[in-house]
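Residue numbers (my numbering): 2 to 602.
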RNA sequence: UGCCCGAUGGUGUAAUGGUAGCACGAACGACUCUGACUCGUUCUGUCUAGGUUCGACUCCUAGUCGGGCAGCCA
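Structure follows, in structure tokens:
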């Protein structure tokens, strides 16, 4: 099973419905737009995580269900926080997440393209479209590719008397703004004439003024109860180079100004974002309406972002974990990042399934991590090949099988398959079983191996424990058992029932492999609820063991998923991979409904 | 003591004035060469108070609780 195959699973679930899709459906019905175009607009200042995945699934899902398009656009208006490393990882992660599902909807542009002039309804207009599907040299959209056009829109706003250059310092600007329950005061520079504003704005671009000396502001209403309408800043001076635009600019637009115009330039029809931007919507509309643009304007819709128990999604905190070494980088399998999830063996389809389960609402909730784990198991169960592996080995000697003798056992690769396929396992005198699967003093209802008891070695035969061998310290060193070879497949007593069936590997036909057992990164459901989230790091989130694995696993490749029977789902690590010496990551344990006596769940 | 948004079982959601349903979870049971999967049964819900209506989760009013807004971040 290749990574590509995994990504192809479960692409046929019924189209979900939610309040945003309802709006889109109405717009489709009324033929308001020729084509539905959405966008996913990350800022390249961190890695994508499962929270972003909800937005990706929504935006690409809408495009997919309406034969539309979803642009990947980097919202890169703040060069001091952004980096090309993030551009690359985000591009990769988006492609991974939509692979086999919405590839055909991914809007990208011809490499190096910028918005071009056109006439629309007899009016001058600017637009940038997607490169045709399959075009050779393509790249994501970048807001920074629109800087020239956005600058021109700013000039137009000045000419309309709707923007002005302000000389207030950042501190003064804050003081003049007032507070949510107290109106702001107009800047003394608010009523500069258009010619002076234009001149000053040009000199800001020319680099005549230091950082923070002047800004461009929209002229709206300093007394508005909506803080974002109190003459919001449109441009600030930053004498720094940009990772994508180079050193061409020392003047950068702010989010509110760049975002709505980027949406317009790309022909976005539905601009979907998270709830915290709800109060920005009047500004989004104000800017687009003020500029008297010829084409149908995009509209912004907001939904609640994803929260999942025992995870954190704050970029700042995730960066902190990386920088402080609490994890091994952004791609650590314990991280909620998409690259971490991929390395952990979580299929993209499972993340899409989660998005479908949680839906889209305006209610801010915390999703039970059980929903996520359910989605993962649901995707992995049908596709993960079954293998036998012993993580905490205990030696068992089958005293009635001579050394060197081999009994071949056919093992089913996946009971979920319609057509059963098998592989051969070797049963030999010495095998390993899981130490948990033997109890010298068994608790009630324990139906694995115990002294004098019987258990089935899966795919092989029933064994009986005759003797427990211990060292001087009283530690069990091996079990001496008798194999009932008549209970093998095809044997006379194959139908003999025993309560327990356990996994095992032959001591002479197994490989040693490092297996990394991951658990949740935090010990509390809402680690982000307190300032000191690091206090709740799970000290046992990674346990490394050397397991005994059935031989066939020696050829396992990154991107493949296996179920180690009775243990969980595992995948070869894609970072520490040496052909012939795979290191395995545990994706997730199997659901375990056996309540150990005395251990409430 | 400003403005905006929200509230349905333990969790995520559906019902768009007409039987409160689904999934997860939990409990019990069946099945089982994975204590998995699968199957069956059960469990728990409309924030509060008024109002409109033959009928309200849905509409109105007030309240309660939660979230957001005072970056030259996005």
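For glycine and all other residues, C-beta sits at the position ideal for the given N, C-alpha and C.
Since this is a predicted model, take the numbers as computed values, not measurements.
Residue i burial status per 10 Å Cβ neighbour count (16 or more: buried)
i	result
residue 470	exposed
residue 596	exposed
residue 43	buried
residue 20	exposed
residue 36	exposed
residue 209	exposed
residue 204	exposed
residue 180	exposed
residue 387	buried
residue 571	buried
residue 13	Since pLDDT at residue 13 reaches only 44, below the 50 mark, its modelled position is unreliable, and the value read off the structure follows with that caveat. Residue 13 is exposed by the Cβ-count criterion.
residue 78	buried
residue 540	exposed
residue 494	exposed
residue 212	exposed
residue 230	buried
residue 135	exposed
residue 254	buried
residue 150	buried
residue 172	exposed
residue 561	buried
residue 122	exposed
residue 240	exposed
Beta-ladder partner(s) of residue i, from DSSP
i	result
residue 456	464
residue 74	142
residue 50	338
residue 166	217
residue 564	387, 570
residue 505	434
residue 241	Its beta-bridge partners do not exist; DSSP assigns none.
residue 252	238
residue 247	243
residue 544	518
residue 183	180
residue 439	450
DSSP-derived helix/strand/coil call for residue i
i	result
residue 32	coil
residue 406	coil
residue 319	helix
residue 297	coil
residue 119	strand
residue 44	coil
residue 528	helix
residue 190	coil
residue 228	helix
residue 411	strand
residue 21	helix
residue 3	Its pLDDT being 35, under 50, residue 3 is placed unreliably by the model, and the measurement read from it follows with that caveat. Of the three classes helix, strand and coil, the one that applies to residue 3 here is coil, per DSSP.
residue 16	coil
residue 591	coil
residue 303	strand
residue 67	coil
residue 62	helix
Where the beta strand (DSSP E) containing residue i begins and where it ends
i	result
residue 257	Per DSSP, residue 257 belongs to no beta strand (DSSP E); it is in the alpha helix (DSSP H), 256–267.
residue 424	423–428
residue 200	No beta strand (DSSP E) holds residue 200; the alpha helix (DSSP H) holding it covers 195–207.
residue 272	271–275
residue 514	511–519
residue 128	124–128
Residue i - containing alpha helix (DSSP H), residue span
i	result
residue 1	This structure cannot settle anything about residue 1, because the visible part of the chain is limited to 2 through 602.
residue 86	85–99
residue 356	349–359
residue 311	Neither: residue 311 is in no alpha helix (DSSP H) and is coded neither H nor E.
residue 286	282–291
residue 392	It is not in any alpha helix (DSSP H) - residue 392 carries neither H nor E in the DSSP assignment.
residue 153	148–160
Sufficient close CB pairs (3 or more, under 8 angstroms) joining the region 270–279 to the region 297–314: yes
Touching by the beta-carbon criterion (3+ pairs, under 8 angstroms), the region 551–559 and the region 323–336: no
Inter-stretch contact (C-beta, 8 angstroms, three-pair minimum) for the region 499–508 and the region 367–385: no
Meets three-Cβ-pair contact criterion under 8 angstroms: the region 307–319 and the region 358–373: yes
Inter-stretch contact (C-beta, 8 angstroms, three-pair minimum) for the region 532–541 and the region 481–498: no
Three CB pairs or more closer than 8 angstroms across the region 437–453 and the region 417–428: no
Three CB pairs or more closer than 8 angstroms across the region 175–194 and the region 124–135: no
Cβ contact (3+ pairs, closer than 8 angstroms) linking the region 45–59 and the region 351–359: yes
Three or more C-beta pairs below 8 angstroms linking the region 131–149 and the region 105–116: yes
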